[in-house]
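Here is the structure we will look at.
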Amino acid sequence: MEVLYNLVKTQSLKYEPPDQAEFDGMVLAATTKLKDAGLVGLSADSQFTLVYGAAHALALAALRWHGYRSDKRYTVFQCLTHTLNLENKKWRVLDQCHRRRNLAEYEGHMDLDVRLLQELTAITEELLERV
7 MEVLYNLVKT QSLKYEPPDQ AEFDGMVLAA TTKLKDAGLV GLSADSQFTL
57 VYGAAHALAL AALRWHGYRS DKRYTVFQCL THTLNLENKK WRVLDQCHRR
107 RNLAEYEGHM DLDVRLLQEL TAITEELLER V
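The structure is reproduced here in structure tokens:
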């Protein structure tokens, strides 16, 4: 995990000992969000918000498992290459979702397509399996 240690040197990550209760809470929150995203009648926007939140919780749980923390969502997703051995193309989808989430949250612009939501859901389910 030399790459993660180097991110501490650049202050992109902070070292913080793992906490099992925190990890378990993040996994439970992610599992609940994924389940709720499947409820009939939810808009695609609501589904996206729930699944994106689950993906972030799982990525952060993986980072915390290894004893690191980041305040930046982008960094949490980028570290998945090292924490869960996730392929670059998959964390880049999460990055794309992160940018779309920011547009919706900070600029009121939600540009969501069903294909991206499907990819996000599949990757998040994979993250849950790996965590």
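Using my numbering, the first residue of the sequence shown is number 7, and each one after it goes up by one. Note that CB positions come from ideal geometry on N, CA and C, so glycine has one too. As the structure is a prediction and not an experimental result, all values here were calculated from the model.
| Nearest-angstrom Cα distance between residue 35 and residue 42? | Working through the sequence shown from its first residue, we reach residue 35 at position 29. Working through the sequence shown from its first residue, we reach residue 42 at position 36. Distance between the alpha carbons of residue 35 and residue 42: 10 Å.
| task | Give the single residue among 11, 8, 64 whose Cα lies nearest to the Cα of residue 97. | result | By one-based count along the sequence shown, residue 97 stands at place 91. Of the listed residues, the one whose Cα sits closest to residue 97 is 64.
| query | With DSSP run on the structure shown, which of helix, strand or coil describes residue 15? | reply | In the sequence shown, the residue the question calls residue 15 occupies position 9. Per DSSP, reduced to three states, the secondary structure at residue 15 is helical.
| field | Euclidean distance between Cα positions of residue 60 and residue 130 | value | Along the sequence shown, read from residue 1 onward, the residue named residue 60 stands at position 54. Along the sequence shown, read from residue 1 onward, the residue named residue 130 stands at position 124. Residue 60 and residue 130 have their C-alpha atoms roughly 7 Å apart.
| query | Taking the C-alpha atoms as reference points, what is the distance between residue 68 and residue 90? | reply | Residue 68 sits at position 62 when you count from the first residue of the sequence shown. Residue 90 sits at position 84 when you count from the first residue of the sequence shown. Using only the alpha carbons, I get a separation of about 7 Å.
| message | Less than 8 Å between the beta carbons of residue 76 and residue 19, yes or no? | response | Sequence index remark: in the sequence shown, residue 76 carries index 70 (1-based). Sequence index remark: in the sequence shown, residue 19 carries index 13 (1-based). Cβ atoms of residue 76 and residue 19: closer than 8 Å.
| query | How would you label residue 105, buried or exposed, when you count the other beta carbons within 10 angstroms and need 16 or more for buried? | reply | Position 99 of the sequence shown, counted from the start, is the residue given in the question as residue 105. When all chains shown are included, residue 105 counts as exposed.
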